[in-house]
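One line per chain: the protein sequences are A and B, in this order. Residues in the first sequence are numbered from 1 upward in steps of one, following this note's numbering. Residues in the second sequence are numbered from 115 upward in steps of one, following this note's numbering. A virtual CB, placed ideally from N, CA and C, is assigned to each residue, including glycine.
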Amino acid sequence: ETGVTQTPRHLVMGMTNKKSLKCEQHLGHNAMYWYKQSAKKPLELMFVYSLEERVENNSVPSRFSPECPNSSHLFLHLHTLQPEDSALYLCASSQAGTANYGYTFGSGTRLTVV
Amino acid sequence: LAKTTQPISMDSYEGQEVNITCSHNNIATNDYITWYQQFPSQGPRFIIQGYKTKVTNEVASLFIPADRKSSTLSLPRVSLSDTAVYYCLVGDSSGGYQKVTFGTGTKLQVIP
Numbered sequence: 001e002t003g004v005t006q007t008p009r010h011l012v013m014g015m016t017n018k019k020s021l022k023c024e025q026h027l028g029h030n031a032m033y034w035y036k037q038s039a040k041k042p043l044e045l046m047f048v049y050s051l052e053e054r055v056e057n058n059s060v061p062s063r064f065s066p067e068c069p070n071s072s073h074l075f076l077h078l079h080t081l082q083p084e085d086s087a088l089y090l091c092a093s094s095q096a097g098t099a100n101y102g103y104t105f106g107s108g109t110r111l112t113v114v
Numbered sequence: 115l116a117k118t119t120q121p122i123s124m125d126s127y128e129g130q131e132v133n134i135t136c137s138h139n140n141i142a143t144n145d146y147i148t149w150y151q152q153f154p155s156q157g158p159r160f161i162i163q164g165y166k167t168k169v170t171n172e173v174a175s176l177f178i179p180a181d182r183k184s185s186t187l188s189l190p191r192v193s194l195s196d197t198a199v200y201y202c203l204v205g206d207s208s209g210g211y212q213k214v215t216f217g218t219g220t221k222l223q224v225i226p
């Protein structure tokens, strides 16, 4: 177990469905991130939460809605997705405020939009 | 954030030492250099981090020259299970959260 748990591991959803991805970290970190990794592309940063406040939103479409209710949990709410949104969605956490940073990633959710 | 450049791919035979070099000409004074490993359909895994000179752990060594404009990840005696994508990242989070941009990484293929 990496210390960052993502559920579900796999998700297939139709374009009209609403679903949520969940991330939980057990490391006491104070920053959490959502990344998207499409086939043969680099990881793309989507959202950053620091001390439970959203501090980054990298021009992500509104059909993706993040939520961070506390420092240990992060959600990504999905609705009316498109087939091009099919990708591996990765959650990560880190301890912001220290120079020697390090990310801990979860195993990801493989999302397929049909 | 400093931009990094690394080879797109490398091949190596089992049992050989593999060195992957990353260029980061615009590295800032407070930046650390961190390497991650990613297997297909998994999240990247932290391998090693350093600021200057040499760092070694049970998995790899990291060599950083005095000017810090490049770094080399060294994997001793690779096995088939080391086949993965390796990412070099440069940054500093002392001022708060860290927004890190991943490049394309280096795809290492270990051959039997």
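Quick one: is SER184 of chain B near chain A, going by C-beta distance under 8 angstroms? The residue you call residue 184 of chain B lines up with position 70 of the second sequence. By this cut-off, SER184 of chain B is not an interface position.
Candidates A:HIS10, A:LYS36, A:THR109 and A:VAL114: which alpha carbon is nearest LEU81 of chain A's? One-based indexing of the first sequence puts residue 81 of chain A at position 81. Among A:HIS10, A:LYS36, A:THR109 and A:VAL114, the Cα nearest to that of LEU81 of chain A is on A:VAL114.
Which of the residues in the stretch 144-167 of chain B, read from start to end, lie with their CB under 8 angstroms from any CB of chain A? ASN144, TYR146, THR148, TYR150, SER155, GLN156, GLY157, PRO158, ARG159, PHE160, GLN163 and TYR165
Residue environment, ASN140 of chain B, which counts as buried when at least 16 other CB atoms sit within 10 Å: Counting from 1 along the second sequence, the entry for residue 140 of chain B is found at position 26. It is exposed - the Cβ of ASN140 of chain B has fewer than 16 other Cβ atoms within 10 Å.
Consult DSSP for ASP85 of chain A and reduce its assignment to one of helix, strand or coil. As a working note, residue 85 of chain A is residue 85 in the first sequence. In this structure, ASP85 of chain A counts as helix in the three-state DSSP scheme.
Return the CA-CA distance between PRO69 of chain A and GLU131 of chain B, expressed in angstroms with no decimal places. Taking the first sequence and counting its residues from 1, one reaches residue 69 of chain A at position 69. Taking the second sequence and counting its residues from 1, one reaches residue 131 of chain B at position 17. Using only the alpha carbons, I get a separation of about 46 angstroms.
Quick one: what's GLN25 of chain A bridged to in DSSP? As a first step, residue 25 of chain A is located in the first sequence; it is residue number 25 there, counting from the start. Answer is A:VAL4, bridged to GLN25 of chain A.
Quick check: GLN37 of chain A and LEU21 of chain A, are their CB atoms within less than 8 angstroms of each other? Position 37 of the first sequence, counted from the start, is the residue given in the question as residue 37 of chain A. Position 21 of the first sequence, counted from the start, is the residue given in the question as residue 21 of chain A. Their beta carbons are not under 8 angstroms apart, which means GLN37 of chain A does not touch LEU21 of chain A by this criterion.
Taking the beta carbon of ASP125 of chain B as the centre, do at least 16 other beta carbons fall within 10 Å, making it buried, or is it exposed? Residue numbering aside, residue 125 of chain B sits at position 11 when the second sequence is read from its first letter. Per the 10 Å Cβ criterion, exposed.
Presumed contact (8 angstroms Cβ cut-off) between VAL224 of chain B and VAL192 of chain B, rounded CB distance: Taking the second sequence and counting its residues from 1, the one referred to as residue 224 of chain B is at position 110. Taking the second sequence and counting its residues from 1, the one referred to as residue 192 of chain B is at position 78. Confirmed, Cβ separation roughly 5 angstroms.
Name the DSSP bridge partner or partners of CYS202 of chain B? Here residue 202 of chain B refers to the residue found at position 88 of the second sequence. Answer is B:TRP149.
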